[in-house]
Amino acid sequence: MTLPRFYPIFDSADWLARALPLGVKLVQLRVKDRPETETRAEIRAGLALARKHGAALVVNDHWRIAIEEGADWLHLGQEDLDTADLPAIRRAGLRLGVSTHDEAELARALALKPDYVALGPVYPTILKQMKWHQQGLERLTEWKAKIGEIPLIAIGGMSVERAAGAFAAGADVVSAVTDITLHADPEARMRAWLAACA
């Protein structure tokens, strides 16, 4: 499977409304710490926007809502895997992406036959506190050798300037969060990302 090479992650459908008209074709909606009704409304709005713009929306974590709202893609972290109903997810036909940070997590992910594997943080990240230090580009090369044809996503501390190095190291896709959301001109930054990943 060939995925678009640029994969931004946002916490609201408002961000999708800004990104998708620019030509972003793969995007994740990561809604955290909100009531279920709000979360569902965000996912529903995000799916409508993605369909309108011919993009793939990946729902982070909320597998029940993803199934009920007819999503095509789901992303699960390792903690999410502990509680998700994987047979139900597969019966619903959801494509699945999984986060990995070490060898044990990679083995667990590969046993699920995922549609992509994410490795991070490649560089130090300010997005969330993690027990893993930066993985580095060498780990991307190592992971790609292990997973073969499965798309490999580089995440964590990624920027437009670092994208080429991640691709050269073996990443198929590069994911960004704060490089866009904290930028003075997020639209210009997304255009730069799209150009860098073209």
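For reference, each letter of the sequence shown is one residue, going 1 to 198 in UniProt numbering.
Every residue gets a Cβ at the ideal spot worked out from N, C-alpha and C, and that includes glycine.
Source: prediction; values computed, not measured.
| Item | Value |
| --- | --- |
| Count the other C-beta atoms from every protein chain shown that fall within 10 angstroms of the C-beta of residue 121, then say buried if there are 16 or more, exposed otherwise. | buried |
| Do residue 112 and residue 96 have their beta-carbon atoms positioned less than 8 Å apart in this structure? | yes |
| Quick check on residue 54: buried or exposed, where buried means 16 or more other Cβ atoms within 10 Å of its Cβ? | exposed |
| Does the contact criterion of 3 or more C-beta pairs under 8 Å hold for the stretch 176-187 versus the stretch 133-147? | no |
| To the nearest angstrom, how far is the alpha carbon of residue 159 from that of residue 176? | 7 Å |
| On a Cα-Cα basis, can you pick out the residue from 123, 61, 147 that is closest to residue 161? | 123 |
| If I measure Cβ to Cβ from residue 5 and keep anything under 6 Å in the same chain, skipping five residues before and after, which residues do I get? | 173, 197 |
| On the DSSP bridge assignment, give the partners of residue 67 in chain order. | Note: residue 67 sits in no beta bridge, so no partner. |
| In the DSSP assignment, the alpha helix (DSSP H) including residue 48 goes from what residue to what residue? | 36-53 |
| Here's the rule: buried if 16 or more other CB atoms are within 10 angstroms of the residue's CB, otherwise exposed. What is residue 8? | buried |
| Is it buried or exposed, residue 104, if we count other Cβ atoms within 10 angstroms and call 16 or more buried? | exposed |
| To the nearest angstrom, how far is it from the Cα of residue 200 to the Cα of residue 191? | Because residue 200 is not part of the residues shown, which for the chain are 1 to 198, the question remains open. |
| Which whole-angstrom value describes the C-beta separation of residue 100 and residue 84, a residue pair presumed to lie in contact below a C-beta threshold of 8 Å? | About 16 Å; that fails the 8 Å criterion. |
| Starting from residue 78, follow the alpha helix (DSSP H) in both directions and report where the run begins and ends. | 78-83 |
| I'd like to confirm the pairing. Which residues does DSSP put opposite residue 117 in its beta bridges? | 98, 152 |
| Quick check: residue 11 and residue 31, are their CB atoms within less than 8 Å of each other? | yes |
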